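There are 4 protein chains.
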Amino acid sequence: MIHFRNDYNDIAHPKLIERLVTYQNEAHLGYGMDLHSKHAKDVIQKHIKTPVYVHFMSGGTSTNKIVISHLLKPFEAVISAATGHIEVHETGAIEQTGHKIISLPTHDGKIDAQQIDEAYQTFTDEHMVKPKMVYISQATETGLIYSKKELQAIYEVCQKLNMYLFVDGARLGVALTSKENDLTLDDMVNLTDIFYIGGTKNGALLGEAVITKHAFMDDYFRYSMKQQGGLLAKSFLVGMQFEGLFENDLFYEIGRHANQMSSYLISQLKSIGLQFNETPTNQQFITLKKEKIEQLKKTYTFEIWQDLKDKQMIRLVTTYRTTKEDIDQLILDLKK
Amino acid sequence: MIHFRNDYNDIAHPKLIERLVTYQNEAHLGYGMDLHSKHAKDVIQKHIKTPVYVHFMSGGTSTNKIVISHLLKPFEAVISAATGHIEVHETGAIEQTGHKIISLPTHDGKIDAQQIDEAYQTFTDEHMVKPKMVYISQATETGLIYSKKELQAIYEVCQKLNMYLFVDGARLGVALTSKENDLTLDDMVNLTDIFYIGGTKNGALLGEAVITKHAFMDDYFRYSMKQQGGLLAKSFLVGMQFEGLFENDLFYEIGRHANQMSSYLISQLKSIGLQFNETPTNQQFITLKKEKIEQLKKTYTFEIWQDLKDKQMIRLVTTYRTTKEDIDQLILDLKK
Amino acid sequence: MIHFRNDYNDIAHPKLIERLVTYQNEAHLGYGMDLHSKHAKDVIQKHIKTPVYVHFMSGGTSTNKIVISHLLKPFEAVISAATGHIEVHETGAIEQTGHKIISLPTHDGKIDAQQIDEAYQTFTDEHMVKPKMVYISQATETGLIYSKKELQAIYEVCQKLNMYLFVDGARLGVALTSKENDLTLDDMVNLTDIFYIGGTKNGALLGEAVITKHAFMDDYFRYSMKQQGGLLAKSFLVGMQFEGLFENDLFYEIGRHANQMSSYLISQLKSIGLQFNETPTNQQFITLKKEKIEQLKKTYTFEIWQDLKDKQMIRLVTTYRTTKEDIDQLILDLKK
Amino acid sequence: MIHFRNDYNDIAHPKLIERLVTYQNEAHLGYGMDLHSKHAKDVIQKHIKTPVYVHFMSGGTSTNKIVISHLLKPFEAVISAATGHIEVHETGAIEQTGHKIISLPTHDGKIDAQQIDEAYQTFTDEHMVKPKMVYISQATETGLIYSKKELQAIYEVCQKLNMYLFVDGARLGVALTSKENDLTLDDMVNLTDIFYIGGTKNGALLGEAVITKHAFMDDYFRYSMKQQGGLLAKSFLVGMQFEGLFENDLFYEIGRHANQMSSYLISQLKSIGLQFNETPTNQQFITLKKEKIEQLKKTYTFEIWQDLKDKQMIRLVTTYRTTKEDIDQLILDLKK
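Residue numbers (the working numbering), protein chains in the order written: chain U, 1 to 336; chain H, 337 to 672; chain R, 673 to 1008; chain G, 1009 to 1344.
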């Protein structure tokens, strides 16, 4: 089988698995107090000029729950695109912590500064929740990215309205290495209040790294992690992964390769006449006849994104493991 | 350094790390729908006669949150020993899900059937919570184990009072392989409603396996896992660990070795005249002068359990990695 | 001042205040165990053929919280119109209990059976919440009512999909006495799973009466009331109000008068050429120039519903206290 | 029947019912924005030198939920006596908002500064909740009161440890008018962070008044009230009650009479040789043979407090309605 299903279907990048073998006879302090986690924080800090606080998390939904519930008061709400992961694919995880999600319509998975500003104005008194945070994903669940200008505008609105900006970076790796990207990790710190660097979908065994420049957000953060079941006893595992990702730019290499393969996929799909809205990251969404899809299923893995009468939209995801040969093979089968 | 700190300070048992290397080029379905998880369930089922439902979890606190909040109605409460992990060491994780813990006094970390029965009777009407679950740990946080007779008595009270019995098995490995143990995995199924087999503290990279014989408890369980942030994208990691633990009795080997070393530790400590309440599992608690402890800290890792004026109680934990040499060395240093 | 502001601006209907005076030297059991509450339940039951369970609540938002959180499991969600009270005007009260509201678009404040069916189908697996309840308001927040046929269709969809139907009856009084209404209190029982009869907005001092035909919904309901802070010590006050409302059809009289005045208001507004979407209950929404509104504010109370550049939509509410003279005066001033 | 059951068994003090009659033709703004509520705040402020913020609540449990959840972060906990209302008689209402109650042992219903200090020290890291509030009741659930010296000591510990002191004043009326009392309403403001003046148990129809000197506690407080279902539409009812209670010292008169009758009850009970631990407020607890209790039940109402083999402890509550004749009659029947 050739895999285009998702970016979290293998154990980890070989260089990261290697580390587990290397460190297998070490003993570590539990719950993130170990030296690998400490070192991983230093390594990440080297990529960022502003001093930041870093915490290693167990997974994306857990991270979203922890960040949001740590920062909001009971009656405060978070604004999200209607396609946001917290709104559609986390089984009400945010509501479980007591907070309403204010869902904004979106035609492509992104929301903009003006829209946020206007939405905020409709919450006028104590009979309504108080919007206090904006949540966006970089890259979005639809494979797009926010430009520096767009992010800046959103952050300015947030500051004007006294709201926090939280960026879900489950796919920050492919965002920062997209050829359309004009943001750096430093920009992410400067133009948000808190965000996370996704490990799970970028080659790590597991884990995400929450980053904030604000001391008040760091205060007691570990209490929230523990209370929400997100503080792993063997949290050093996540530290080790992030050491490996950031000591030698492996994090960027992984994202870059996925994007390069995605660009190649786009060009090849276009070369055989397929029309679709391409994205600048590692997810492409194409629409095919159902019969064709049934044939492809024999050789390829992928997700059905949407049912459209006699057609279906499917999602093709490239990763650091995707090869040109994988894509060439797919194109051949598509041409048949 | 020689380690007696805890049973989760290394990455994983070499045989389990090996598996990660072996499977590193495989692609897997996410969120526990993969073949390793399926196979791991089959492998666990082979150890148990009664048909059971199995779910692979990310960690202990997360598991406790999920099981308890999945089963209780808002006004229902869980009874626990005052020393129970959920009561003292989970930062109010259970209360975060809205449920009160009814804490019972205990002199040694265990609670008994009669005590539960009596406590239940004091909750008389709708001005008080309704006790609906009993939570015990096997082994307990204090290193003790419940005998079959004791467990049976507790389960009978639970059934009489229409309460669920949930056993936290974070240290079930050392419990089932203790020389004082008379319970089997089958007994665990028959004499509880739901329990878990701890991986994290028994050699696994991470993860716990929740087991229940009740279809109604299994219903929508994955919804609760996802909502609570406990459904890992790479859940197949946990599946692989449990495959490794149960295909060849590695689970028991790990527990057994830890217990053997603990027995050896007890005998050696006694041989040098130390008085303490020994436990039948892998945790021993001894009291020493503070000066002595300061000296030991240079060569050994361990936790300070309790401050007692000029003395301290420390906890010594043995694991599958502990050797006789480690213990002999400690005894030598203690004799000095 | 002449009042069109809302239907909860006076203490209570004189006949209900009278009861407080009459009973002032009685002593009552607390927390709803008193004889007035018991009698009020009997009196309500006399209006309904199917045997029902009745609970007296302290207010609307509290009632919505209690009913919804009592019935739903943590991962279950409630479907509501985007204009539903729980969605827009309860400060995230439902989310505070951990549940997501699935908001359906609506052009007039009502939702229909097909829409519910289609929405349900989009929730496909454990990465999404599970829709388990439909919440509608009768009358709606926009002053409209569901016909028997519409309610029947919604209830059928709910039963097909194994969802509960809960009707917020804060304004059930004006709904059941609307000239367009074809539903009886019996229909409300037969075509819903649980609903409430609003007292606060229909002449009572305070309180609402939750009604359900299902024993399983009644089970431990008082626990949920108490836990949510909705079980008043002097709950007998609510019992007394409902005795007064249902012993002599005062409940219907109050709603009927409000509706008659609303009809008169409609006819008079039309007679002076005002165009607007009339409603069959006690709320009318008309659009006027801002200057006009400023003038009216000197003599009348009402709420600004919506800002529309140089105009505003205002809401005029009639109650059992509204007189033809009030309306004639308003019309005179509007004509000026 | 002669009533010693509780202090919330009648509708309201005649002077307060009178107000409902007087104001019955007024129209009021909803949700506490009315003039009576405003005036009631002014009237209360006149009794207190320090400027304070006042909110009118619907009931005690609701108030406790709102105050505690408004002020605490998710991982913060509240310290309470084991006999505290929030710990034993609110069906887990506080835990429903996500917070753990740290229960301190008490022999008489009171806790002291040293005990609080010591308890605080046992919460050492992020594996445990963070104590952030102390909750005490004045008068306690056992009828006792804290002296100025005791309250001062508790408040000092709270300030030292950066915890809030919250006083449940459901029975503040009898506390402040007890002959043993040395606290004023001003002391309550100065020696606590937030407290409430109970209306329900001191002659009001319903309602409690939350008082705080801290602006940050007042911020968005109405959001919490609304979200928790505690903001009554007809909140003006509570405002009217507190106007009546504080315009002419009726609040104190009611408490004083209850206490005088309680003192008389004590002296008469002692005169016939009954031994018991008397309290300085309106609740007395006496132990009688079960047969005697059965006889008394024919003429008197009271609560059974505790079962003691062949005896029972009963609670006798005096109120502003209790007369010497009621007590003389009871004494006669006890002597028989």
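Here a beta-carbon is modelled for each residue, glycine too, at the ideal position from N, C-alpha and C. Just so it is clear, the structure is predicted and the values come from calculations on it, not from any experiment.
Open item on the list: Tell me which residues of the stretch 497–513 of chain H have at least one Cβ-Cβ distance to chain G shorter than 9 Å, keeping chain order.
Closed with: So nothing in the stretch comes that close.
Open item on the list: Please identify the residue among Gly-30(U), Val-67(U), Val-54(U) whose C-alpha is closest to the C-alpha of Arg-341(H).
Closed with: Along the second sequence, read from residue 1 onward, the residue named residue 341(H) stands at position 5. Taking only the C-alpha atoms, the option nearest Arg-341(H) is Gly-30(U).
- [ ] Could you tell me the distance, in whole angstroms, from the CA atom of His-1265(G) to the CA atom of Asn-697(R)?
- [x] Against the fourth sequence, residue 1265(G) aligns to sequence position 257. Against the third sequence, residue 697(R) aligns to sequence position 25. Near 17 Å, if we compare the C-alpha coordinates of Asn-697(R) and His-1265(G).
Open item on the list: Assuming Arg-1264(G) is part of the alpha helix (DSSP H), what are its boundary residues?
Closed with: Indexing the fourth sequence from 1 puts residue 1264(G) at position 256. Taken as a continuous stretch (DSSP letters only), the alpha helix (DSSP H) holding Arg-1264(G) covers 1258–1279.
Open item on the list: Please state whether the Cβ-Cβ distance between Lys-942(R) and Lys-961(R) is less than 8 Å.
Closed with: Locating residue 942(R) in the third sequence gives position 270, where the first residue counts as 1. Locating residue 961(R) in the third sequence gives position 289, where the first residue counts as 1. Not closer than 8 Å, so no.
Open item on the list: Looking at chain U, is there any beta carbon in it that lies within less than 8 Å of the beta carbon of His-1115(G)?
Closed with: In the fourth sequence, the residue the question calls residue 1115(G) occupies position 107. Chain U, which has no Cβ nearer than 8 Å to the Cβ of His-1115(G), makes this no.
Open item on the list: Assuming the contact rule is C-beta atoms closer than 8 Å, Asn-853(R) and Ile-817(R) should be a hit. Round their C-beta distance to whole Å, please.
Closed with: Position 181 of the third sequence, counted from the start, is the residue given in the question as residue 853(R). Position 145 of the third sequence, counted from the start, is the residue given in the question as residue 817(R). That belief holds up - the Cβ atoms of Asn-853(R) and Ile-817(R) are roughly 6 Å apart, short of 8 Å.
TODO: Check whether the Cβ atoms of Asp-669(H) and Thr-635(H) sit closer than 8 Å, and answer yes or no.
DONE: Sequence index remark: in the second sequence, residue 669(H) carries index 333 (1-based). Sequence index remark: in the second sequence, residue 635(H) carries index 299 (1-based). Going by C-beta atoms, Asp-669(H) is nearer than 8 Å to Thr-635(H).
Task: Bounding residues of the beta strand (DSSP E) (the contiguous stretch that carries Ile-415(H)) - done: As a working mapping, residue 415(H) is identified with position 79 in the second sequence. Run containing Ile-415(H): 412–417, per the beta strand (DSSP E) assignment.
TODO: Would you mind sorting Asn-874(R) into buried or exposed? The rule is 16 or more other CB atoms within 10 Å of its CB.
DONE: Along the third sequence, read from residue 1 onward, the residue named residue 874(R) stands at position 202. With at least 16 other beta carbons inside 10 angstroms of its own, Asn-874(R) counts as buried.
- [ ] Quick one: list the residues of chain U neighbouring Glu-798(R), beta-carbon separation under 7 Å, in chain order.
- [x] For this step, residue 798(R) is matched to residue 126 along the third sequence. Residues of chain U passing the Cβ test: Thr-91.
Open item on the list: So the candidates are Gly-207(U), Asp-218(U), Gly-229(U), Asp-117(U); which of them puts its Cα closest to the Cα of Gly-239(U)?
Closed with: Against the first sequence, residue 239(U) aligns to sequence position 239. Selected option, being the one with the closest Cα: Gly-207(U).
TODO: On a CA-only basis, which of Arg-315(U), Lys-309(U), Asn-282(U), Gln-283(U) is nearest Leu-296(U)? Give me that one, please.
DONE: Taking the first residue of the first sequence as 1, we reach residue 296(U) at position 296. Of the candidates Arg-315(U), Lys-309(U), Asn-282(U), Gln-283(U), the one whose C-alpha sits nearest the C-alpha of Leu-296(U) is Arg-315(U).
Task: chain U residues whose Cβ lies nearer than 7 Å to that of Ser-1232(G) - done: To locate residue 1232(G), count along the fourth sequence from 1; it is residue 224. Against chain U, a Cβ distance below 7 Å from Ser-1232(G) picks out Pro-74, Phe-75.
TODO: Taking 8 Å as the cut-off, decide whether the C-beta atoms of Lys-324(U) and Tyr-252(U) are in contact.
DONE: Mapped onto the first sequence, residue 324(U) falls at position 324. Mapped onto the first sequence, residue 252(U) falls at position 252. It is not a contact, given that the beta carbons lie outside the stated cut-off.
Open item on the list: Contact between the stretch 31–44 of chain U and the stretch 1051–1062 of chain G is defined here as three or more beta-carbon pairs at a separation below 8 Å; is this criterion met?
Closed with: No, they do not touch.
Open item on the list: What does DSSP give as the partner residue(s) for Gly-870(R) in the beta ladder?
Closed with: Within the third sequence, numbered from 1, the residue matching residue 870(R) stands at position 198. DSSP lists Glu-880(R) as the beta-bridge partner residues of Gly-870(R).
TODO: Please list the segments of the alpha helix (DSSP H) lying wholly inside the stretch 1033–1086 of chain G, counting only runs of 4 or more residues, in order along the chain.
DONE: Listed in chain order, the complete alpha helix (DSSP H) runs (minimum 4 residues) inside the stretch 1033–1086 of chain G are 1043–1054, 1068–1079.
TODO: State yes or no: is the C-beta of Glu-87(U) within less than 8 Å of the C-beta of Ile-66(U)?
DONE: Stepping through the first sequence from its first residue, residue 87(U) is reached at position 87. Stepping through the first sequence from its first residue, residue 66(U) is reached at position 66. Using a Cβ distance threshold of 8 Å, Glu-87(U) and Ile-66(U) do not count as a contacting pair.
TODO: State yes or no: is the beta carbon of Gln-1235(G) nearer than 8 Å to at least one beta carbon in chain U?
DONE: The residue labelled residue 1235(G) in the question sits at position 227 within the fourth sequence. By this cut-off, Gln-1235(G) is an interface position.
- [ ] Determine the extent of the alpha helix (DSSP H) in which Gly-775(R) is found, giving its start and end residues.
- [x] Sequence index remark: in the third sequence, residue 775(R) carries index 103 (1-based). Contrary to the premise, residue 775(R) reads as Ser rather than Gly in this sequence. That residue, Ser-775(R), is in no alpha helix (DSSP H); its beta strand (DSSP E) goes 773–776.
TODO: Say whether chain G places a C-beta atom closer than 8 Å to the C-beta of Glu-454(H).
DONE: The residue given as residue 454(H) occupies position 118 in the second sequence. No - not a single Cβ of chain G is within 8 Å of the one on Glu-454(H).
TODO: Give every residue of the same chain whose Cβ lies closer than 7 Å to the Cβ of Leu-183(U), excluding the five residues on either side of it in the sequence, and list them in chain order.
DONE: Locating residue 183(U) in the first sequence gives position 183, counting from the first residue. If we look at Leu-183(U) and ignore the five residues flanking it on each side, its Cβ neighbours are Lys-148, Leu-151, Leu-176.
- [ ] Give, in chain order, every residue of the stretch 538–549 of chain H whose Cβ lies closer than 8 Å to some Cβ of chain U.
- [x] Close to chain U, meaning a Cβ-Cβ distance shorter than 8 Å, are the following residues of the stretch 538–549 of chain H: Leu-541, Leu-542.
Open item on the list: Counting only Cβ pairs nearer than 8 Å, list the residues of chain U close to Ser-1077(G).
Closed with: Stepping through the fourth sequence from its first residue, residue 1077(G) is reached at position 69. Those within 8 Å of Ser-1077(G) in chain U are Pro-74.
Open item on the list: Just checking: is the beta-carbon of Ile-102(U) within a distance shorter than 8 Å of some beta-carbon in chain H?
Closed with: On the first sequence, residue 102(U) is found 102 positions in, with the first residue counted as 1. Answer no: the Cβ-Cβ gap between Ile-102(U) and chain H never drops below 8 Å.
Task: Contacts that Lys-802(R) makes with chain H (C-beta to C-beta distance below 8 Å) - done: The residue labelled residue 802(R) in the question sits at position 130 within the third sequence. By Cβ distance, chain H contributes Tyr-556, Tyr-559.
TODO: Note the first and the last residue of the continuous beta strand (DSSP E) segment covering Asp-186(U).
DONE: The residue labelled residue 186(U) in the question sits at position 186 within the first sequence. Segment 185–190 is the alpha helix (DSSP H) holding Asp-186(U); no beta strand (DSSP E) there.
Task: Length of the line joining the Cα atoms of Tyr-556(H) and Leu-245(U) - done: Reading the second sequence from its first residue, position 220 is the one you call residue 556(H). Reading the first sequence from its first residue, position 245 is the one you call residue 245(U). If you take the alpha carbons of Tyr-556(H) and Leu-245(U), they lie about 36 Å apart.
Open item on the list: Using beta carbons (cut-off 8 Å, strictly below), is Lys-401(H) in contact with chain U?
Closed with: Indexing the second sequence from 1 puts residue 401(H) at position 65. Yes, Lys-401(H) lies at the interface with chain U (some Cβ there is under 8 Å from its Cβ).
Task: Close beta carbons around Asn-345(H), own chain, < 7 Å, minus the five adjacent residues each side - done: Residue mapping note: residue 345(H) aligns to position 9 of the second sequence, counting from 1. So the list reads His-339, once near-sequence residues are dropped.
Open item on the list: Residues of chain G with CB closer than 8 Å to the CB of Asp-682(R), please, in chain order.
Closed with: Position 10 of the third sequence, counting from 1, holds the residue named residue 682(R). Ordered by position in chain G, the residues that pass the 8 Å Cβ test against Asp-682(R) are Gln-1032, Asn-1033, Glu-1034, Ala-1035, His-1036.
- [ ] Would you mind telling me which residues of chain R sit closer than 7 Å to Ser-1070(G), beta carbon to beta carbon, in chain order?
- [x] Position 62 of the fourth sequence, counting from 1, holds the residue named residue 1070(G). When 7 Å is used as the limit between beta carbons, Ser-1070(G) is near these residues of chain R: Gly-901, in chain order.
Task: Test: Val-1325(G) CB closer than 8 Å to a CB of chain H - done: Looking up residue 1325(G) in the fourth sequence gives position 317. Not a single CB atom of chain H sits nearer than 8 Å to the CB of Val-1325(G).
Task: For Asn-1194(G), the nearest candidate out of Val-1029(G), Lys-1343(G), Pro-1059(G), Asp-1336(G) (CA to CA) - done: As a first step, residue 1194(G) must be located in the fourth sequence, where it is residue number 186. Checking the displayed sequence, the identity of residue 1194(G) turns out to be Asp instead of Asn. Of all alpha-carbon atoms in Val-1029(G), Lys-1343(G), Pro-1059(G), Asp-1336(G), the one lying nearest the alpha-carbon of Asp-1194(G) is that of Pro-1059(G).
- [ ] Would you decide whether Leu-308(U) is buried or exposed? Buried here means 16 or more other CB atoms lie within 10 Å of its CB.
- [x] Reading the first sequence from its first residue, position 308 is the one you call residue 308(U). Using a 10 angstroms sphere on the CB of Leu-308(U), the tally of other CB atoms stays under 16, which defines it as exposed.
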